[in-house]
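2 protein chains.
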Amino acid sequence: MKIPPVKGTRDFYPPDMAVRNWIIDGWKKVSVRNGFEEYDGPIFEYLKMFQIKSGDEIVEQLFSLQDRGGRDLALRPEITPTLARMVNQRINSLPKPIKWFSVPRLFRAERPQKGRLREFFQWNIDIIGVDGVLADAEVIFTTVDYLREVGLTQRDIRVKLSSRKLLASALQNIGVPEGQLDSLYALLDKYSKMPGDTFEKTLVERVPDSGIATKIMDFMNATRLSEVPEIVGTNAEIEDAIKELALLEVLLTQMGVWRYCDFYPSIVRGLAYYTGVVFEVDELMGELRAICGGGRYDKLLCDFGGPDVPATGMGMGDCVLEILLKERGLLDKNLSKPQLDYFVACVDEKFFQKAIEITMKLRSADRAANFSYKPVGLSKQLKQASAQNAKKCIIVGEEFKNNRLVVKDMSIGEQELVGYDEFWSRLKA
Amino acid sequence: MKIPPVKGTRDFYPPDMAVRNWIIDGWKKVSVRNGFEEYDGPIFEYLKMFQIKSGDEIVEQLFSLQDRGGRDLALRPEITPTLARMVNQRINSLPKPIKWFSVPRLFRAERPQKGRLREFFQWNIDIIGVDGVLADAEVIFTTVDYLREVGLTQRDIRVKLSSRKLLASALQNIGVPEGQLDSLYALLDKYSKMPGDTFEKTLVERVPDSGIATKIMDFMNATRLSEVPEIVGTNAEIEDAIKELALLEVLLTQMGVWRYCDFYPSIVRGLAYYTGVVFEVDELMGELRAICGGGRYDKLLCDFGGPDVPATGMGMGDCVLEILLKERGLLDKNLSKPQLDYFVACVDEKFFQKAIEITMKLRSADRAANFSYKPVGLSKQLKQASAQNAKKCIIVGEEFKNNRLVVKDMSIGEQELVGYDEFWSRLKA
């Protein structure tokens, strides 16, 4: 009986797993050096957890299930609600500020397409308990620190910055009622994903007042921060948001990553919970896909029944990133073929058990080692050694009667005779 | 709104995550040095995948869900069916023998208790394409290689060995019909988990013929392999199974791990798919829990629509292992507190931006570094450095005007003045 895998999921054969491990290990390394500590939560939570503050799009795409008592659960489509739950549970005992990262496996029941799968990994970094833009800047620095580490350059990527506070106060200043903001964000978020005239048509349908609709279009089309007050007017909140973005530029310059960044007033980020700086990183060539995004969400802990604590963070999925790294040749450049330290061969069946014994001793001495399951001819064993990319091959033969091993360097093809005890003492050194 | 986590799942706060990572990294390291390559599959598969050859107990404990088209899926309770599916899909192109390992996250909807959770991790190693007991011996060696590596000794653990082939032929030789074998395995598997008289009572209910039931009891109570023929008689199959187990002893002796092992005719392993050598590792002190188990399953690929290819493997969960390691003090012994390489402090607000700049430069030079979000007093910053377990603290102060940094060694408390350029060139060296 042959059963296929579920659509939108991936089988990770060893070469695919090597890519996944390389991406995830890179995320972890950069997180740790930027001072973040790793956490994780369960794969599923109560369904209602994800209905509190996630975007409508995410809630529609939940994989739901039930526990044995019939309670509704869902596979996590993002980890931020779990983060809020975990932090709230121990808000008084956790040392602050909280700088945490995670690499959760996430699930969305959407139509699978290139770069969007039903099951994927997402790097998340979050700083909780710091309310200045310095923390936002640090999240952006850490993001660029990773992208730079894997070989992406200013020619490949651009960090597009804006502010949800700026957008909210601009929209209110031109006459959009506060109650309509959340649903408008979801539409505005599609600005860069829709052809210009389709977007404008949809906007006009949603916002019947043509004066307001025109001002929204002008705001979305703005390419510099300085244009904003001319379009939407100004007030204390707008000035405040613009001042924050100006400070963000100073900090990112100091951190050495401003050259990757630019202001884009049209950056919205779909999720309802953002409250301050928002950003996304887009690729500059190819399909201009978003690689990651993030921002400040100062009300989230509160929405999950906790205290009023500021927070800012970023999420980066593995699917688009992997496609981009592959297209740029960065996977081939960075990933090396797995190697064995030793392959242990024997010239003859009577040395077979000795070859097995040496292999096991090497492994317990922390060397990757293999042997042939059958004492076939030596040349066949050497072929196995090459196929398994062994650095060295130990050949157990007649020399072993005088307590000596043949050690062959597989890269240069040279071999030497080494005393058995000397071999092990060299290995320890 | 405060929502609790789902019962039987775990929140991994940073200290818990450090334990999980240490266990999983150990599994990965030992797998790689034993010549295994890593793979993984999706978290969910079509429900029917798990109904083919898994034990009844596992099928009852599935978390099931549906995709958008209404097809029945289930969260994986084990990875072996996925392994069979993946190998069958590429049976002709994969180089043989296949030596693969995985550390899947698995799910079982059972009643949570100590050491048994609804969500857990399991180390799996498998060798596919080798039919001799040498491969079984290698799986057992790799298992012991890990347990030894983390500090467990002969006084802590015992590898209990038997053979499904021996059990099957013994049961048939004393008169149990072949059709009743599978359901009997599930009962016999509970031998060590039930009080002796409860087990005997249940067995007598299941096997009405008292002569057969007595012989089964005698077989289960046997403590040595040599007793078996006296109890159940003999035939070619029984002799063959005993010969295999004798060779297994020779190989494990050669590999240096026989001192951890013993034959236990009563070892059954619940899963229906085993066909040859079976084993489990039990702890010797404490609650005598099983730490892991495995064996040969030569028909599995075939059952999943593939060719007739021999296979053998092992699975070890993280829950019982973690409890055992904690009880033996091996977590405290092996896990070190996370450290920062540098904490960058400033004596004064005017050096704050320089401290930020140096921190970011250190991070991009692959050093774990942190700074204070606010330019508070130096002694407060040094307290933060200690709380974050920093090895060194850089103090940016008046000396910086002469291009020099104060570098303080936090373990011995000594500090030195280092030229700014010299600091970075030392770092690179």
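So the sequences go chain by chain: A and B.
Count the first sequence with my numbering and you get residues -18 to 410, in order.
Count the second sequence with my numbering and you get residues -18 to 410, in order.
We treat Cβ as the ideally placed atom computed from N, Cα and C, and that holds for glycine.
* Asked: Are any of the Cβ atoms in chain A nearer than 8 Å to that of B/Y127?
  -> no
* For A/D299 and A/I33, believed in contact at Cβ under 8 Å, the rounded distance -> Not confirmed; about 26 Å, so no contact.
* Asked: Which two residues bound the contiguous beta strand (DSSP E) that contains A/M(-2)?
  -> No beta strand (DSSP E) holds A/M(-2); the alpha helix (DSSP H) holding it covers -5 to 14.
* When burial is assigned at 16 or more other CB atoms within 10 Å of the CB, is A/G160 buried or exposed? -> Under the 10 Å beta carbon count, A/G160 is surrounded by fewer than 16 other beta carbons and is classified as exposed.
* According to DSSP, which residues form a beta bridge with A/K318? -> In DSSP, A/K318 forms no bridge with anything.
* Per DSSP, what kind of secondary structure is B/D108 in: helix, strand or coil? -> The amino acid at residue 108 of chain B is misidentified as Asp; the sequence shows Ile. Looking at B/I108 - three-state DSSP - the assignment turns out to be strand.
* Asked: B/I24 and A/E100 look like a contact to me (Cβ under 8 Å); what is the Cβ gap, rounded to whole Å?
  -> 6 Å
* Asked: Roughly how many angstroms separate the alpha carbons of A/R346 and B/R14, rounded to a whole number?
  -> The identity of residue 346 of chain A in the sequence shown is Ala, whereas the question assumes Arg. So the alpha carbons of these two residues sit roughly 9 Å apart.
* **Proximity test, Cβ basis, 8 Å: B/T(-10) and chain C** => Although the question refers to chain C, the structure presented lacks it and instead comprises the protein chains A and B.
* To do: Examine chain B for any beta-carbon lying closer than 8 Å to the beta-carbon of A/M236, and answer yes or no.
  => yes
* Asked: What does A/E186 reach in chain B if we use C-beta pairs closer than 7 Å?
  -> Here the premise fails: no neighbours, minimum Cβ distance about 28 Å.
* From the DSSP output, in three-state form, read off B/V301 for me. => Looking at B/V301 - three-state DSSP - the assignment turns out to be helix.
* To do: Could you tell me whether the Cβ of A/P288 comes closer than 8 Å to any Cβ of chain B?
  => Interface criterion not met: the Cβ of A/P288 is under 8 Å from no Cβ in chain B.
* What does A/I337 touch in chain B if you count any residue whose Cβ is under 8 Å from its own? -> L115, L232, Q235, M236
* To do: Keeping to the same chain, check which residues put their C-beta closer than 7 Å to that of B/L115; ignore five residues upstream and five downstream.
  => L232
* To do: Let me know the secondary structure DSSP gives A/V120 once reduced to three states.
  => When secondary structure is reduced to three states using DSSP, A/V120 falls in the helix class.
* the stretch 176 to 192 of chain A touching the stretch 250 to 270 of chain A, judged by at least three CB pairs closer than 8 Å -> no
* Asked: For A/Q47, which beta-bridge partners are listed by DSSP?
  -> According to DSSP, A/Q47 shares a beta bridge with A/D53.
* Where does B/L414 fall in DSSP's three states? -> No answer is possible for residue 414 of chain B: the residues shown for chain B start at -18 and end at 410.
* To do: Please work out which residues of its chain come closer than 6 Å, Cβ to Cβ, to B/Y254, disregarding the five sequence neighbours upstream and downstream, and give them in chain order.
  => K34, Y278, L281
* Simplified DSSP assignment, three categories, for B/M295 -> Shown here, B/M295 sits in a strand according to DSSP, grouped into three states.
* Asked: Does B/Y241 have its Cβ less than 8 Å from a Cβ in chain A?
  -> Between B/Y241 and chain A, the shortest Cβ-Cβ separation is not below 8 Å.
* **C-alpha distance - A/S144 paired with A/K224, whole-angstrom precision** => 11 Å
* What residues in the stretch 11 to 22 of chain A have a beta carbon less than 9 Å from any beta carbon of chain B? -> V11, V13, R14, N15, G16, E18, E19, Y20, D21, G22
* **Reference B/A149, options B/F200, B/L302, B/T293, closest by Cα** => B/F200
* Taking A/S164 as part of the alpha helix (DSSP H), name the residues at either end of that continuous run. => That run of the alpha helix (DSSP H) goes 162 to 169.
* **Same chain, Cβ closer than 8 Å to A/L28, neighbours up to 5 away in sequence not counted** => L43, S45, D53, L54, A55
* Asked: If you check the beta carbons only, do A/W102 and A/M236 fall under 8 Å apart?
  -> Note that residue 102 of chain A is Phe in the sequence shown, not Trp. No; because the gap between Cβ atoms is not below 8 Å, this pair is not in contact.
* Interface residues of chain A facing B/E26 [CB-CB closer than 9 Å] -> I(-16), P(-14), V(-13), T(-10)
* To do: Just the C-alpha distance for A/I430 and A/R66, rounded to the nearest angstrom, thanks.
  => A question about residue 430 of chain A goes unanswered here, because the residues of chain A that appear run from -18 up to 410.
* Would you tell me roughly how many angstroms separate the C-alpha atoms of B/P176 and B/R97, rounded to the nearest one? => 20 Å
* Please confirm whether A/N105 and A/F88 have their CB atoms less than 8 Å apart. => The answer is no: Cβ separation not under 8 Å.
* Asked: For B/Q334, which residues in chain A fall below 7 Å Cβ to Cβ?
  -> Q235
* To do: Just tell me which of A/V328, A/F381, A/F244, A/E18 has its CA closest to the CA of A/K141.
  => Residue A/F244 holds the alpha-carbon nearest to the alpha-carbon of A/K141 among A/V328, A/F381, A/F244, A/E18.
* Asked: Distance, Cα to Cα, B/V241 vs A/G274?
  -> Per the sequence shown, the amino acid found at residue 241 of chain B is Tyr instead of Val. When rounded, the distance between both Cα atoms is 52 Å.
* Is it right to say A/K174 is buried, meaning 16 or more other beta carbons lie within 10 angstroms of its own, or is it exposed? -> exposed
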